[in-house]
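Reading through the structure tokens given below for one structure.
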Amino acid sequence: MPADERSARAAADVARINAFFPIMPVLGNRWAATRPFEGRTIAISAHLTTLTATTLRELILGGGKWVVVGASEATTDQGVVNLLRDAGVEVYPLGSRDEPYAQVLDHEPTLLADVGGELIASLVQRRPDLARNVTAAVELTRTGVTRLQSLNLPFGVVNINDSQLKYGVENRHGVGEGLWHAVQTLTGMHLSGRRVGVIGYGPVGRGVAAYARAAGAAVEVVESDPIRRLYAHYDGYPVPRQDDMLRRVGIVVTASGKRGVLPVGALSGAREGIVLVNAGHGNDEIDVAGIKAHSAGVDQVAEKVVRYRLEGGPTVALLADGHPLNIVMNSGSPEPVMLHFALLGLTLEWLTRHPVAPGLVQVLPSIEEEAATLALRALGMGHG
Ligand SMILES: NC(=O)c1ccc[n+]([C@@H]2O[C@H](COP(=O)([O-])OP(=O)(O)OC[C@H]3O[C@@H](n4cnc5c(N)ncnc54)[C@H](O)[C@@H]3O)[C@@H](O)[C@H]2O)c1
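In short: position in the sequence shown from 1, add 1387, done, that's our numbering.
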């Protein structure tokens, strides 16, 4: 696709996102009037998707110099790169240069925003001389927060991963909805009448279970924590043992955040043809290596759909090689992510006016309330 066409497609996607959930344009109008970022250099590590473009196009209206590094080659949309460059943002996609993080840091940022902690860790460990310029930073992800906990941070980093809004909206509704879109896109399966098992009943498992039930599936929940198992019971789900559940369900979804929660040994008694889906972290909740090592036959049914005939056991269908399916398929509504990005923008704006002590700090409840109020207005429910 020619560069102009890619950029036009990205711009059309940004317009579509803003048309039905205009949370960012409201903030953009405010930042254009108040110019909170004037005189600052803001470095951002982000997935270069149209969701990020929707956010950055409004942030830059608040003044300042914006420098962006792509967080992953796999998620980089070249149309977004072109669109951001046209808007005056310096963009360093991963893979295109030797040292994109170092190049971003050469701009001597005063504020940082990160997904995964790589940008902040690069500054702290490789360019500590630049730390004195930095007033504060923001981290968006669990991986990044965990990584930053092991560093001696010379400036304050606001953790917006552990916000109430992320748990209550993105983890629960964003994943719950997006995951089933992705399953249907890959397999064509209709959920009503199917038996579904969910392993882990945190916000992610709760959403996955609720959206499956809403689509007509009979859902069972396996949860190791007795309190959450009780919640699942009162939400109306059977809460059997895992081996019992696996004998019955046609689809099982892992949502525990724990490595090896579905070991190959547990699948020996599973229902024939069971579909294995991961909604949790990384690709190690389902024992993918064990499945491959113990399979007597492999059949690539479709893209990202592989059936393995287990030795002495059933045939299992593994989706997306055990990676979190909604992320691999980039599926679901953009609203939960836009809400998280609004929280990012509001936090950056707040940091231009307020000092924070060095180390990790939680996002303020008042900023979360403001983001929630803006989301309600974007949904046409701005009363109260
Ligand atoms: N796919 C996505 O887009 C996406 C988005 C957000 C979070 N996540 C990931 O999803 C995972 C779950 O997120 P969460 O917010 O619900 O986390 P959480 O930690 O609140 O919930 C996980 C639940 O799994 C349970 N569990 C752990 N081991 C178990 C086992 N062996 N058997 C049964 N239950 C078990 C825990 O008791 C807990 O209740 C995390 O790894 C998170 O990083 C994925």
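Where a beta carbon is used, it is the ideal one built from N, C-alpha and C, also for glycine.
This structure is a prediction, so every number in the text was calculated from the model and none was measured.
Query raised in the report: Between Val1648, Gly1684 and Asp1612, which lies nearest to glycine 1669 when the distance is taken from Cα to Cα?
Result: As a first step, residue 1669 must be located in the sequence shown, where it is residue number 282. Residue Val1648 is the option with its Cα nearest to glycine 1669.
Query raised in the report: Are isoleucine 1507 and glycine 1584 close, meaning C-beta to C-beta below 9 Å?
Result: Taking the sequence shown and counting its residues from 1, one reaches residue 1507 at position 120. Taking the sequence shown and counting its residues from 1, one reaches residue 1584 at position 197. No, Cβ-Cβ distance for isoleucine 1507 and glycine 1584 is not below 9 Å.
**Report entry** Coarse secondary structure for glutamate 1526, derived from DSSP in three states
**Finding:** Counted from its first residue, the sequence shown places residue 1526 at position 139. Strand, per DSSP.
Query raised in the report: Relative to the C-alpha of leucine 1751, which residue among Thr1734, Gly1594 and Pro1627 is closest?
Result: Taking the first residue of the sequence shown as position 1, residue 1751 is located at position 364. Looking at the Cα atoms, Thr1734 is the closest of the given residues.
Query raised in the report: Applying the criterion that 16 or more other CB atoms from any shown protein chain within 10 Å of the CB defines a buried residue, is histidine 1710 buried or exposed?
Result: In the sequence shown, residue 1710 corresponds to position 323, counting from 1. Classification of histidine 1710: buried, given that the 10 Å Cβ count is 16 or more.
Report task. Using the Cα positions of threonine 1442 and glycine 1732, report the straight-line distance between them to the nearest angstrom. Result -> Taking the sequence shown and counting its residues from 1, one reaches residue 1442 at position 55. Taking the sequence shown and counting its residues from 1, one reaches residue 1732 at position 345. In a straight line, the C-alpha of threonine 1442 is about 8 Å away from that of glycine 1732.
Query - Cβ pair alanine 1458, glutamate 1505 closer than 9 Å - result: On the sequence shown, residue 1458 is found 71 positions in, with the first residue counted as 1. On the sequence shown, residue 1505 is found 118 positions in, with the first residue counted as 1. It is a contact, given that the beta carbons lie within the stated cut-off.
Query raised in the report: Does the beta-carbon of asparagine 1416 have 16 or more other beta-carbons within 10 angstroms, so that it is buried, or is it exposed?
Result: On the sequence shown, position 29 is the one that residue 1416 refers to. Exposed, by the Cβ-count rule.
Query raised in the report: Where in the stretch 1406 to 1473 do unbroken runs of the beta strand (DSSP E), each at least 3 residues long, occur, reported from the N-terminal end onward?
Result: 1428 to 1433 and 1452 to 1457
Query raised in the report: In chain order, what residues of the same chain have a beta carbon less than 6 Å from the beta carbon of alanine 1604, not counting five sequence neighbours either side?
Result: The count along the sequence shown starts at 1 and reaches residue 1604 at position 217. Closer than 6 Å at Cβ, skipping near neighbours: Leu1578, Arg1581 and Val1583.
Query raised in the report: Do the stretch 1742 to 1756 and the stretch 1586 to 1602 touch if we need at least three Cβ pairs shorter than 8 Å?
Result: no
Query raised in the report: To which residues of the same chain is asparagine 1713 closer than 7 Å at the C-beta, ignoring the five residues directly before and after it?
Result: Along the sequence shown, one-based indexing puts residue 1713 at 326. These residues qualify, in order along the chain: Val1562, Gly1565, Leu1566, Ala1569, Ala1666 and Gly1719.
Query - C-alpha gap between aspartate 1501 and serine 1432, whole angstroms - result: The residue you call residue 1501 lines up with position 114 of the sequence shown. The residue you call residue 1432 lines up with position 45 of the sequence shown. Distance between the alpha carbons of aspartate 1501 and serine 1432: 5 Å.
Query - Residues of its chain near glutamine 1749, where Cβ-Cβ distance is below 7 Å and the 5 sequence neighbours each way are ignored - result: For the purposes of this step, residue 1749 is taken as residue 362 along the sequence shown, with counting starting at 1. Only Asn1546 and Asp1549 meet the Cβ criterion.
Query raised in the report: Between the stretch 1436 to 1450 and the stretch 1517 to 1529, do three or more beta carbon pairs fall short of 8 Å?
Result: no
Report task. Please state whether DSSP places valine 1724 in a helix, a strand or coil. Result -> To locate residue 1724, count along the sequence shown from 1; it is residue 337. Note: valine 1724 maps to helix in three-state DSSP.
**Report entry** phenylalanine 1542 burial status per 10 Å Cβ neighbour count (16 or more: buried)
**Finding:** Counting from one through the sequence shown, the residue named residue 1542 turns up at place 155. By the 10 Å Cβ count, phenylalanine 1542 comes out buried.
Requested in this report: Answer with buried or exposed for serine 1509, where buried requires no fewer than 16 other C-beta atoms within 10 angstroms of its C-beta.
Outcome: Stepping through the sequence shown from its first residue, residue 1509 is reached at position 122. With 16 or more Cβ atoms within 10 Å of its Cβ, serine 1509 is classed as buried.
Query raised in the report: Are the beta-carbon atoms belonging to proline 1627 and valine 1606 less than 9 Å from one another?
Result: Walking along the sequence shown from the start, residue 1627 turns up at place 240. Walking along the sequence shown from the start, residue 1606 turns up at place 219. No.
Query raised in the report: Relative to ligand 1, is the shortest distance from any of its heavy atoms to the C-beta of lysine 1691 smaller than 8 Å?
Result: Working through the sequence shown from its first residue, we reach residue 1691 at position 304. No - ligand 1 has no heavy atom lying nearer than 8 Å to the Cβ of lysine 1691.
Report task. Return yes when the C-beta of glutamate 1610 is under 8 Å from any heavy atom of ligand 1, and no when it is not. Result -> Position 223 of the sequence shown, counted from the start, is the residue given in the question as residue 1610. Yes; taking the cut-off as 8 Å, the Cβ of glutamate 1610 has a heavy atom of ligand 1 nearer than that.
Query raised in the report: Can you tell me where the beta strand (DSSP E) with valine 1688 in it begins and where it stops?
Result: Mapped onto the sequence shown, residue 1688 falls at position 301. Start and end: 1682 to 1689.
**Report entry** threonine 1574, enclosing alpha helix (DSSP H) - first and last residue
**Finding:** For the purposes of this step, residue 1574 is identified with residue 187 of the sequence shown, where counting begins at 1. Start and end: 1562 to 1574.
Query raised in the report: Under 8 Å from any heavy atom of ligand 1, does the C-beta of isoleucine 1586 make it?
Result: Taking the first residue of the sequence shown as position 1, residue 1586 is located at position 199. Yes, since a heavy atom of ligand 1 falls inside the 8 Å radius drawn around the Cβ of isoleucine 1586.
Query raised in the report: When we look at the beta-carbon of phenylalanine 1728 and count the other beta-carbons within 10 Å, is it buried (16 or more) or exposed?
Result: As a first step, residue 1728 must be located in the sequence shown, where it is residue number 341. Buried, by the Cβ-count rule.
Report task. Please report the residue range of the beta strand (DSSP E) in which tyrosine 1554 lies. Result -> In the sequence shown, the residue the question calls residue 1554 occupies position 167. Premise fails: tyrosine 1554 is in no beta strand (DSSP E) and is neither H nor E.
Query raised in the report: Per DSSP, glutamate 1607 is paired with what?
Result: Within the sequence shown, the letter at position 220 stands for residue 1607. Note: glutamate 1607 sits in a beta bridge opposite Gly1584.
**Report entry** CA nearest to the CA of valine 1675, picked from Leu1654, Ala1689 and Val1467
**Finding:** Here residue 1675 corresponds to residue number 288 of the sequence shown, with the count starting at 1. Closest by alpha carbon: Leu1654.
Query raised in the report: Got a sec: does ligand 1 put a non-hydrogen atom nearer than 8 Å to the Cβ of arginine 1534?
Result: Locating residue 1534 in the sequence shown gives position 147, counting from the first residue. For ligand 1, not one heavy atom lies less than 8 Å from the Cβ of arginine 1534.
**Report entry** Cutoff 7 Å; reference leucine 1470; Cβ partners in own chain excluding five residues on either side
**Finding:** As a position in the sequence shown, residue 1470 is number 83, starting the count at 1. Excluding sequence neighbours, leucine 1470 sits near Ser1394, Ala1397, Ala1398 and Ala1440.
Query - Where the beta strand (DSSP E) through tyrosine 1695 begins and ends - result: Locating residue 1695 in the sequence shown gives position 308, where the first residue counts as 1. Where tyrosine 1695 is concerned, the enclosing beta strand (DSSP E) stretches over 1692 to 1697.
Requested in this report: With hydrogens ignored, establish whether the beta-carbon of histidine 1668 is closer than 8 Å to any heavy atom of ligand 1.
Outcome: One-based indexing of the sequence shown puts residue 1668 at position 281. Within the cutoff, so yes.
Query - Pair within 9 Å by beta-carbon distance, glutamate 1557 and proline 1723 - result: Within the sequence shown, the letter at position 170 stands for residue 1557. Within the sequence shown, the letter at position 336 stands for residue 1723. In contact: glutamate 1557 and proline 1723 (Cβ atoms closer than 9 Å).
**Report entry** Proximity test, glycine 1709 beta-carbon vs ligand 1 heavy atom, cut-off 8 Å
**Finding:** Start at 1 with the first residue of the sequence shown, and residue 1709 comes out as number 322. Outside the cutoff, so no.
**Report entry** Selected residue, minimal CA-CA separation from alanine 1489, among Gln1512, Arg1472, Ala1602 and Val1468
**Finding:** To locate residue 1489, count along the sequence shown from 1; it is residue 102. That would be Gln1512, whose Cα lies nearest to the Cα of alanine 1489.
Query - beta-carbon proline 1721 near ligand 1 non-hydrogen atom, thresh 8 Å - result: Here the question's residue 1721 lines up with position 334 in the sequence shown. Outside the cutoff, so no.
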